[in-house]
Amino acid sequence: MIRKVAVIMGSDSDWPQVKGACVQLKALDIPFEAHILSAHRTPAAAAEFAKKAKAEGFGVILCAAGMAAHLAGAFAANTTLPVIGIPMKGGAMDGLDALLATVQMPSGIPVATVALNGAKNAAWLAAQILALSDEGLAARLEAEREKMSAEIAAKEAKLQQEIAAL
Ligand code: RP5
Numbered sequence: 072m073i074r075k076v077a078v079i080m081g082s083d084s085d086w087p088q089v090k091g092a093c094v095q096l097k098a099l100d101i102p103f104e105a106h107i108l109s110a111h112r113t114p115a116a117a118a119e120f121a122k123k124a125k126a127e128g129f130g131v132i133l134c135a136a137g138m139a140a141h142l143a144g145a146f147a148a149n150t151t152l153p154v155i156g157i158p159m160k161g162g163a164m165d166g167l168d169a170l171l172a173t174v175q176m177p178s179g180i181p182v183a184t185v186a187l188n189g190a191k192n193a194a195w196l197a198a199q200i201l202a203l204s205d206e207g208l209a210a211r212l213e214a215e216r217e218k219m220s221a222e223i224a225a226k227e228a229k230l231q232q233e234i235a236a237l
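Next up, the structure:
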């Protein structure tokens with residue numbers, strides 16, 4: 072059976088962006104749970120969730136946090152499951168602080184970090200990881216790639232038509 076994705080956010084203020092990951096996971100028919108847990112405000116609960124995640128059927132953990140964004144690192148410290156960090160825009164540095172806090176991990180405890188507010192790509196990356204052991208999901212990802220290519224080809228054809236009519 073396919074493993075679940077844990078979608079963790081440091082605050083409810085992250086949800087409008089994080090929702091994009093949940094929408095994408097649902098569209099790919101990947102089971103997930105979403106929770107608010109904070110590396111700073113609920114450190115014990117966050118550590119407990121991370122420690123139990125593998126045994127509870129999770130395969131990948133997404134962690135979204137802004138500013139002093141230690142959530143993904145705190146999760147990675149407590150599990151060997153792959154952790155994908157989503158640095159959130161906002162605050163005095165508009166996300167640069169969150170990006171660096173998420174990506175600059177010490178050797179041995181990696182966090183795969185997507186772009187600022189990159190919740191959708193975090194979901195795609197989680198899907199690609201899970202697809203390594205799920206042929207049905209791998210086929211769905213291939214089909215999505217073909218759909219993307221077809222959309223670009225259609226846009227290119229339209230552009231060339233518009234250029235020819237100039
Ligand atoms: C981080 O601080 C959260 O992930 C959020 O991005 C940011 C602000 O949190 P709130 O003050 O809005 O709860 O821990």
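Heads up: the sequence shown runs through residues 72 to 237, numbered per our numbering.
Note that the Cβ used here is the ideal one computed from N, Cα and C, for glycine as well.
- Proximity to the ligand RP5 was defined by a C-beta distance below 5 Å to any of its heavy atoms, and the residues meeting it, in sequence along the chain, are Gly81, Ser82, Ser84, Asp85, Ala136, Gly137, Met138, Met159.
- Around the beta carbon of Ala190, a 10 Å sphere encloses 16 or more other beta carbons of the protein chains shown; the residue is thus reported as buried.
- With 16 or more other CB atoms across the displayed protein chains lying within 10 angstroms of its CB, His141 is buried.
- Sixteen is the threshold: when 16 or more other Cβ atoms of the shown chains lie within 10 Å of the Cβ of Met80, as they do, the residue is buried.
- DSSP, read as helix, strand or coil, puts Glu104 in strand.
- The three-state secondary structure of Gly137, taken from DSSP, is strand.
- In the three-state scheme derived from DSSP, where H, G and I count as helix and E and B as strand, Ile223 is classed as helix.
- Under DSSP, Phe129 takes part in a beta bridge, and its partners are Lys75.
- In this structure, DSSP gives Val154 an extended state, which the three-state scheme calls strand.
- By alpha-carbon distance to Ile180, the top candidate from Ala143, Val131, Ala77 is Ala143.
- For Val94, the enclosing alpha helix (DSSP H) covers residues 86-98.
- Under a 10 Å Cβ-count criterion, Arg112 is classified as exposed, with fewer than 16 other Cβ atoms of the shown protein chains found around its own Cβ.
- Two segments are said to touch when three or more pairs of C-beta atoms, one from each, lie closer than 8 Å; by this definition the segment 184-198 touches the segment 155-165.
- By the CB criterion at 8 Å, Arg74 and Gly130 fall inside the cutoff.
- Each of Ala147, Ser178, Lys123 was checked against the Cα of Cys134, and the nearest Cα belongs to Ala147.
- Judged by beta-carbon spacing, Leu212 lies within the 8 Å limit of Ala198, meaning their Cβ atoms are closer than that value.
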